[in-house]
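Reviewing the structure listed below.
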Amino acid sequence: MTDSISSPQRASRSGALWLFLLLVLVVVLGLCSLNVGASRMNLLNVLTADPDDRVSKILFASRLPRTLALILAGAALAVAGAILQMMARNRLVDTSTTGPMAAAALGMLVVAIILPNGVPLWARFLLVSAFAAGGILLFLGVLQRMPLRSALIVPLVGLVMAGVIHAGGGLLAHHFDLSQSLRAWNSGDFSAVLRGRYELLWVAAALTVAAMLLADRFTVIGMGRDFATNIGVNYSLLMAIGVLLVAMIVGSVVVTAGVIPFIGLVAPNLVRLVVGDNLRRAIPMVALLGAALLLAADLLGRLLIHPYEVPSSNLLSIAGCAVFLVVLLHGRAKWS
Amino acid sequence: MVLNSWRSPALRVLLLTVLALLCVVGFMTLNVQTDWAFILEYRGSRLLALLLTACAIGISTVLFQTITHSRLLTPALMGFDVLYVLVNTLVLLVWGGSELAAWPPALRFALQVLVMVGLALLLFRLLFSGSVRSLHLMILLGMLAGMLFRELSELAARVLDPSEFGISTGVPQASFRRINTQLLGAAAAGLAVAGLLLLRWRRCLDVLSLGRDIAINLGVAHGRVVLGIMAVVAILVSVATVLVGPTLFFGLLIANLAYWFTGSQRHCWTLPASVLAGIICLVGGQLLLEHVLASTLPLALVIELAGGLLFIALLMRGVRQ
Amino acid sequence: MIETQGVSKRYGDALVVDDVSLSIPKGGFTSIIGPNGAGKSTLLSMISRLTPMSAGSVLVDGMDVTRTPGNVLARRLSILRQDNQTSLRLTVRDLVAFGRFPHSGGRLTAEDLRHVDEAMDYLRLNEYRDRPIDELSGGQRQRAYVAMVMCQDTEYVLLDEPLNNIDMRFAVDMMQLLRRAADEKGKTVVVVLHDINFASCYSDHIIAMRQGKPAYQGTPQQIIRDEVLRDLYQMDIRVHEVDGQRICVYFRMA
Chain A
810 MTDSISSPQR ASRSGALWLF LLLVLVVVLG LCSLNVGASR MNLLNVLTAD
860 PDDRVSKILF ASRLPRTLAL ILAGAALAVA GAILQMMARN RLVDTSTTGP
910 MAAAALGMLV VAIILPNGVP LWARFLLVSA FAAGGILLFL GVLQRMPLRS
960 ALIVPLVGLV MAGVIHAGGG LLAHHFDLSQ SLRAWNSGDF SAVLRGRYEL
1010 LWVAAALTVA AMLLADRFTV IGMGRDFATN IGVNYSLLMA IGVLLVAMIV
1060 GSVVVTAGVI PFIGLVAPNL VRLVVGDNLR RAIPMVALLG AALLLAADLL
1110 GRLLIHPYEV PSSNLLSIAG CAVFLVVLLH GRAKWS
Chain B
6 MVLNSWRSPA LRVLLLTVLA LLCVVGFMTL NVQTDWAFIL EYRGSRLLAL
56 LLTACAIGIS TVLFQTITHS RLLTPALMGF DVLYVLVNTL VLLVWGGSEL
106 AAWPPALRFA LQVLVMVGLA LLLFRLLFSG SVRSLHLMIL LGMLAGMLFR
156 ELSELAARVL DPSEFGISTG VPQASFRRIN TQLLGAAAAG LAVAGLLLLR
206 WRRCLDVLSL GRDIAINLGV AHGRVVLGIM AVVAILVSVA TVLVGPTLFF
256 GLLIANLAYW FTGSQRHCWT LPASVLAGII CLVGGQLLLE HVLASTLPLA
306 LVIELAGGLL FIALLMRGVR Q
Chain C
6 MIETQGVSKR YGDALVVDDV SLSIPKGGFT SIIGPNGAGK STLLSMISRL
56 TPMSAGSVLV DGMDVTRTPG NVLARRLSIL RQDNQTSLRL TVRDLVAFGR
106 FPHSGGRLTA EDLRHVDEAM DYLRLNEYRD RPIDELSGGQ RQRAYVAMVM
156 CQDTEYVLLD EPLNNIDMRF AVDMMQLLRR AADEKGKTVV VVLHDINFAS
206 CYSDHIIAMR QGKPAYQGTP QQIIRDEVLR DLYQMDIRVH EVDGQRICVY
256 FRMA
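Residue numbers (our numbering), protein chains in the order written: chain A, 810 to 1145; chain B, 6 to 326; chain C, 6 to 259.
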């Protein structure tokens, strides 16, 4: 047992095995996702029938976009969570539990208030991302002002900050009679995703790839400013890049589907259980697991009260809270 | 008791009382143009509900902070309010809505309070059995449990009635405007029971705040008294939640206002002060928003915002020490 | 008299106190000494019902501590543990007055106030009476807690390492006070001590514990001896008589 962990070759081989298994999982879940919906259809028919057929219309207009959106958003959020954890130097945080997501929802609200006649997608995306960036900077700034941080106070401050932003948004929404919309943005789901309404997530995909390429740099950031400077990494620049990447990923997901909680917390921590603390090699696994989680949540949400849908955010919150509780209780000797 | 100095807690509590009375009088009399009888009755029942809520949340928070030796932990942060909502949903799920609907609401409330007390005692035993001691861990666990309860009851509500879900969410936001005045009598009775139970232990409270070991040394049956107080807290939380719905930071806000304003740790001052602070926040706040500013902003959200900011401030100060 | 009968404490697999049966006589000054992890503090807190026992029973003047009502016992026996960290803003006098709780149930009578003032005098706390305890130094705060226990006016006074974190002057002060309480007021003082020289100079009776059991018991003359201490602490300790006191020397061995 100790042997297999200490030998790097064995470890990387088991890493490759996990990677392969996750890939299979994503493919299987993706195929299921294509096949489940309000109207019955059989995937095999697509191959035989002509392209104007009802089945292929549903497939290309609704099912395929939805499945792709789930994969892209899940992977992006998982990677964004991992990077935020390195920047905050704490593994118990996520974009949804520290403020960025709540700030992005606030951004949606502000856009709806100041530009009630609608805005081009790219402008909405940039504004919402700016709000998300503000949320990240606020959180990191508060952390920096705390001279002594215990591993637990960081997620605690994050949760309360998210709550405060949430309450502020609620006040604003109530004043402008947009509470209903805010609630819809806060419980994200992918039921409204059609062709032409998800393409923004390809931006998130590009950002995800960039983040994965920079992953080893972010590992250095996780060691702290002094360590990073010591080995010649430009700490401030890298932090700025990290904030931008995470903010734009959050922005694109919130604009497309709304708040999707906990993926960025659950995926990196589950992967850590398997490969240990160095996330650099594992970041593809984090991305795949994120995609699988979101696919599974969405699928379950579609099946649970068929033909109605439970939003994935609801199910993810339940699973996420449960995993978070287990992680905390499991490692409580370490945390306390 | 020395009353000659303005620093005396007694004088300060007196000041709070006057302020609270002014709020109450203002709430009842401001902007009444016609039909006094109707207005008095309408506002009177709302006022009563707000007073009961302030009592329940103020007392339960101070008691909870005494037995957990913390100024940060509150029943609401530990998810007790939402637990009540979950109990409510689950009771409906298990017994079936139709059978239970035939019960009088007061009896249903009593049943839910009983379940709630049992669950709260169980949770308290689990969490404070000594294996988990870190305060931050406790709060984090509580907040997550609260979130979990909230999402579970939302899911339960969706599964129970998928077609009507869009209209109402599973866990209602706290509201000090839409008050459940139907259950005023039952809530007042719950408060009275809690108060009677508390009378038995009123002298032990100050001793409890000295810590477990010293309390036992001074002859307090620590384990039994703490469980009893926990039951009182559970009843009070149920009362507050059935009236206005779950809050998060309100209790934290008024309890800390009470400590700060009285400058004392004696329960004979902090308990009334937190209740009075609650009345001033609720009645005074409602008065200010409704009649002075003529705004429709929900008071609950304003209070949650203020309480959340206070919580961050307390966390950062606690860390610095 | 305090009697323990087959008292044990078990944490998981670890046996911290192992089947201890001993008796502590009424009156006088008893010290409990021994190396770290010998179970001294655990035994003391089981005697004073702060920690539940895994097995056995403790009798104080014939009363079983786990069955006697808390407030009855609190008028007979008091206990002070070592770290009494508190963030409470209480004045020294308020803290001391809590010692009367078992007698008055929270309402102070003239009799109670007399006891409070006496305890304040006894520990020379009058100049701090209105200071909040969280502003005092470690030694002063420890004195305030001891005053509370004195004010409780019990036959038995149990203290767990009362000299922890206080400097030499206050430590000597504290031991003198406790000795006087035994001599002048006839109290039974039981103290867990780390410093064997203090135990040697102030005790009437010493209980030496090792690995959860009392290894030796007796007067300082019987216990503070080279061969006993070597066996107890597994190191060389020389006992010298200085000014009529038996002093242990172990700091630097040739």
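We put the beta carbon where it would ideally sit given N, CA and C, even for glycine.
Since we're looking at a predicted model, the values are computed, not measured.
Listed by chain order, chain C residues near N222 of chain B by CB distance under 8 angstroms: S53, L55, A79, S83, I84, L85, V154 and Q157
Interface residues of chain B facing L95 of chain C [CB-CB closer than 7 angstroms]: Result: Q270.
Going by other Cβ atoms of all chains shown within 10 Å of its Cβ, with 16 needed for buried, is Q250 of chain C buried or exposed? Counting Cβ neighbours within 10 Å, Q250 of chain C comes out exposed, since fewer than 16 surround it.
Whose C-alpha, out of A:M1048, A:A913, A:M955 and A:P1120, is nearest the C-alpha of R322 of chain B? A:M955
Under a CB-based cut-off of 8 angstroms, is S136 of chain B close to chain C? Caution applies to S136 of chain B, whose pLDDT of 45 falls short of 50 and renders its modelled position unreliable; the value that the coordinates give is listed next. The beta carbon of S136 of chain B sits no closer than 8 angstroms to any beta carbon of chain C.
Applying a beta-carbon distance threshold of less than 7 angstroms, which residues of chain A neighbour H141 of chain B? Per Cβ cutoff of 7 angstroms: S959, L961, I962 and L965.
N- and C-terminal bounds of the beta strand (DSSP E) containing H210 of chain C: H210 to R215
Closest by C-alpha distance to H210 of chain C, when choosing among C:A102, C:D24, C:Q227 and C:H199: Measuring C-alpha to C-alpha distances from H210 of chain C to each of C:A102, C:D24, C:Q227 and C:H199 identifies C:Q227 as the nearest.
Distance check for E159 of chain B and T174 of chain B, CA to CA, integer angstroms please. Caution is warranted here: a pLDDT of 46 is assigned to T174 of chain B, below 50, making its placement in the model unreliable, and the coordinate value is therefore given only provisionally. For T174 of chain B and E159 of chain B, the distance between alpha carbons rounds to 7 angstroms.
Relative to the C-alpha of L203 of chain B, which candidate in B:A191, B:V238 and B:S214 has its C-alpha closest? B:V238
Below 7 angstroms on C-beta distance, what does G110 of chain C contact in chain B? R208
So, does the CB of G17 of chain C fall closer than 8 angstroms to a CB anywhere in chain B? no
Taking only beta carbons into account, state which residues of the region 302 to 326 of chain B come closer than 8 angstroms to chain A, listed in chain order. L302, P303, L306, V307, E309, L310, G313, L314, F316, I317, L320, M321, V324 and R325
Where does H199 of chain C fall in DSSP's three states? Coil.
Just the C-alpha distance for T5 of chain C and V280 of chain B, rounded to the nearest angstrom, thanks. Limits of chain C in this structure are 6 at one end and 259 at the other, which puts residue 5 of chain C out of reach.
So, does the CB of A1131 of chain A fall closer than 8 angstroms to a CB anywhere in chain B? yes
Candidates B:Q291, B:L56 and B:W206: which alpha carbon is nearest A299 of chain B's? B:Q291
Threshold first: 4 residues or longer. Then list the alpha helix (DSSP H) segments lying entirely within the region 89 to 154 of chain C, N to C. 97 to 102, 106 to 109 and 115 to 127
Just verifying my parser: in three-state terms, what is the DSSP assignment at F256 of chain C? coil
Using a Cβ-Cβ cutoff of 7 angstroms, what residues of the region 97 to 108 of chain C are near chain B? List them in chain order. F103, F106 and P107
Chain B contacts from the region 1091 to 1121 of chain A (Cβ-Cβ distance under 8 angstroms): L1113, I1114, Y1117 and V1119
By the 10 Å Cβ neighbour count, where 16 or more other Cβ atoms means buried, how is E116 of chain C classified, buried or exposed? exposed
Buried versus exposed call for M180 of chain C [16 or more other C-beta atoms within 10 Å across all chains shown]: buried
Helix, strand or coil for G216 of chain B? Go by DSSP, reduced to three states. For G216 of chain B, the secondary structure class from DSSP, reduced to helix, strand or coil, is coil.
What are the boundary residues of the alpha helix (DSSP H) that G883 of chain A is part of? L873 to A897
Can you check whether the CB of A245 of chain B is closer than 8 angstroms to the CB of A191 of chain B? no
Hey, quick one: how far does the alpha helix (DSSP H) through Y47 of chain B stretch, first residue to last? W41 to T73
Which residues DSSP lists as bridging Q222 of chain C, in chain order: Paired residues: C:I212.
Are the CB atoms of V225 of chain B and L213 of chain B within a distance shorter than 8 angstroms? Using a Cβ distance threshold of 8 angstroms, L213 of chain B and V225 of chain B count as a contacting pair.
Residue range of the unbroken alpha helix (DSSP H) whose run includes R15 of chain C: No alpha helix (DSSP H) holds R15 of chain C; the beta strand (DSSP E) holding it covers I7 to Y16.
Name the DSSP beta bridge partners of H245 of chain C, please? C:I252
Buried or exposed: where does T301 of chain B fall if 16 or more other Cβ atoms within 10 Å of its Cβ makes it buried? exposed
CA nearest to the CA of M1039 of chain A, picked from A:V1029, A:V919 and A:S938: Here the sequence assigns Asn to residue 1039 of chain A, which means Met is not the residue at that position. The shortest C-alpha separation from N1039 of chain A is found at A:V1029.
Assess, as a yes-or-no matter, whether the region 1015 to 1027 of chain A is touched by the region 1045 to 1054 of chain A under the definition of 3 or more beta carbon pairs within less than 8 angstroms. Contact check between the region 1045 to 1054 of chain A and the region 1015 to 1027 of chain A: three or more CB pairs, one atom from each, fall below 8 angstroms, which counts as touching.
Just tell me which of B:V120, B:L146 and B:Q117 has its CA closest to the CA of V131 of chain B. The displayed chain sequence assigns Leu, not Val, to residue 131 of chain B. Per the Cα distances, B:L146.
Nearest by alpha-carbon distance to L56 of chain B: which of B:C286, B:L98 and B:G250 is it? B:C286
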